[in-house]
Amino acid sequence: MPAGLQAKTKYIFSVTNAVPEFIDVEKYSAAARDIIMREGKDLAPYPPPSGHEGLRGLIADNLRDKRSANVDVDSVLLSDGAGGFIKLYLDAFIDAGDVVFLEEFSYLGTLRMLLSKGAEVVHIPTDDQGMDTEELERAIKAVKAQGKTPKLIYAISVFQNPMGVTLSLERRKHMVEIAQDYGVPILENESYADFRIDGDPLPPSMLGMDDQDSVVYVSSYTKLLGCAIRLGYGVAPQPVLDAMEARRPSHVAAMLVYEYLRHHKDDHIESVRKGLMARRDALLAALEEHFPPSCTWTRPQGGMMLWLQLPQGADTWKALDHAVEADVKYNPGGVFRAGRDCNNYLRLTYSHNTPEEIHEGIGTLAEVFRQQGFFE
Ligand SMILES: Cc1ncc(COP(=O)(O)O)c(C=O)c1O
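Those letters in the sequence shown? Residues 4 to 379, by the numbering used here.
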């Protein structure tokens, strides 16, 4: 990873934090007090292996109401963030040499886990409709023809990290069909489903479309409620859960999340939506002002990041050190690829700085890229 990502800078376009102003400490502390008064004695024994039952019920209700998936409470497993669930799943099912299909650029945490296991990562072309499922099917056939095992399709189907795109309804249907026909399960990561800002309603989850246990689902409250609470969950058929080495996340965290969401979920999501909208719009306006037409970028309808393409030959990996000297950091495109290539791209997140700071920081970044000769 480029060293510049660890540097301290004023303008940070490289992290996806929960936004600090949305942590209402009065409401958080009231929720903590109320639930400990009610359920505090449950802190003495080890909690149920799948985690707090009330929260799992709330998750199942939410999946039914918001993601069109009817799931049994017993198929929901609480985890240390989405990353915790992904790790348990990959540890149970992925071995060296297994072939895993990812979007053209993908979440670096999962990518790192796969690479450290020695899995073979195949990136599939991805456009504004999400992963190209025709290309996916072709790639699966090619892998089978080589006598290798296509083991998993990993899809970040909502406001994809890092590209910001959502997998279309048609492609969701096709991906589920492919999973069923070729016996290659999908790990559907909807960690950003609560972060819709505007535009089209989200298509239903693939979890809800599948009737053959071909989809395992993962999501998280980390970015919504606080990275330090770091609570996530997954949904999987019982034999899959049985094969995973369950590690109970903090029961106190689960209790707090449950009590807070019971009372404030919709209001919280709405205030995060408004805050992210102001930041996204500031970022889009700043890009319009400071970047030339030879650069193109996505206009995300949700989530907390956009994807920027610079002219061929630009190297955002090398330029990061210069940006850091100017007090700005971002993620070079290569960190989201197994081969660390395609560095004329970069990811810009908008969850950290205020709209005013975003404007200043993007002006500075454009200047750095200009000095590097990426554009006039
Ligand atoms: C797509 C995606 N999945 C998983 C994670 C990790 O989530 P958590 O912090 O809940 O483990 C992230 C964090 O950036 C992410 O973007």
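We put the CB at the ideal spot given by N, CA and C, even for glycine.
So residue i is in the alpha helix (DSSP H); what residue range does that whole segment cover?
i      : result
Ile89  : 84 to 96
Ser119 : 111 to 120
Val102 : No alpha helix (DSSP H) contains Val102, which is instead part of the beta strand (DSSP E) from 102 to 106.
Ile38  : 28 to 42
Tyr261 : 254 to 293
Tyr389 : Given that the chain is displayed from residue 4 to residue 379, the structure contains no residue 389 and the question cannot be resolved.
Gly305 : Careful: Gly305 lies outside any alpha helix (DSSP H) and carries neither H nor E.
Gly211 : 209 to 212
Can you give me the start and stop residues for the beta strand (DSSP E) that residue i sits inside?
i      : result
Glu123 : 123 to 127
Leu190 : 189 to 192
Ser223 : 218 to 223
Taking the alpha-carbon of residue i as reference, which of the options has the nearest alpha-carbon?
i      : options                        : result
Ala239 : Leu228, Gln9, Ala72, Phe25     : Ala72
Val161 : Gln183, Leu172, Ala196         : Ala196
Glu138 : Ile127, Pro303, Val146         : Ile127
Leu286 : Arg302, Val28, Phe372, Leu80   : Arg302
Val18  : Glu107, Leu349, Thr299         : Leu349
Asp344 : Thr319, Ile361, Gly364         : Thr319
Leu172 : Val146, Asp131, Ser194         : Asp131
Val124 : Val76, Phe104, Thr352, Ala158  : Phe104
Leu111 : Leu61, Gln163, Ala63, Phe96    : Gln163
Ile15  : Gly336, Gln374, Val327, Asn346 : Val327
Leu205 : Arg175, Tyr224, Ala231, Lys226 : Arg175
Gly337 : Pro295, Arg115, Arg283         : Arg115
Ile159 : Gln215, His266, Ile26, Val219  : Val219
Asn192 : Tyr353, Gly87, Arg373          : Gly87
Gln315 : Ser297, Asp216, Ser32          : Ser297
Gln9   : Leu351, Leu323, Asp27, Ser223  : Leu323
Lys120 : Asp68, Lys154, Val74, Leu93    : Leu93
Leu58  : Asp284, Tyr236, Tyr185, Leu227 : Tyr236
Glu359 : Ser208, Thr352, Ala289, Gly229 : Ala289
Val255 : Pro51, Gly305, Pro5            : Pro51
Leu170 : Asp184, Ser208, Phe96          : Ser208
Met247 : Lys13, Met258, Ile97           : Ile97
Leu309 : Pro48, Leu118, Thr352, Gln183  : Thr352
Tyr49  : Asn65, Glu363, Arg340, Arg251  : Arg251
Asp64  : Glu379, Pro295, Leu264, Lys144 : Leu264
If you reduce the DSSP assignment to three classes, tell me which class residue i lands in.
i      : result
Gly237 : strand
Thr152 : coil
Ile232 : coil
Glu248 : coil
Ala326 : helix
Asp203 : coil
Asn20  : coil
Gly54  : coil
Ala47  : coil
Ala63  : helix
Ala145 : helix
Pro5   : coil
Gly364 : helix
Asp68  : helix
Glu379 : coil
Thr319 : helix
Around the C-beta of residue i, are 16 or more other C-beta atoms found within 10 angstroms, so that it is buried, or is it exposed?
i      : result
Met40  : exposed
His355 : buried
Asp213 : buried
Lys90  : buried
Met166 : buried
Met178 : buried
Arg199 : buried
Asp83  : buried
Thr299 : exposed
Ala142 : buried
Ala122 : buried
Val102 : buried
His271 : buried
Pro5   : buried
Ser32  : exposed
Lys226 : buried
His55  : buried
Ala85  : buried
List the residues that DSSP assigns as beta-bridge partners of residue i.
i      : result
Arg350 : Trp310, Asn334
Ala10  : Answer is none; Ala10 lacks a bridge partner.
Trp300 : Leu311
Glu370 : DSSP lists no partner for Glu370.
Leu80  : Gly237
Val168 : According to DSSP, which records beta bridges pairwise, Val168 is partnered with nothing at all.
Asp344 : Beta-bridge pairing links Asp344 to no other residue.
Gly133 : Asp130
Tyr157 : Leu190
Pro15  : Here residue 15 turns out to be Ile, not Pro, going by the sequence shown. Lys332.
When you compare the CB of residue i with every CB in chain D, is at least one pair closer than 8 Å?
i     : result
Ala47 : The structure shown contains no chain D; it holds only a single protein chain.
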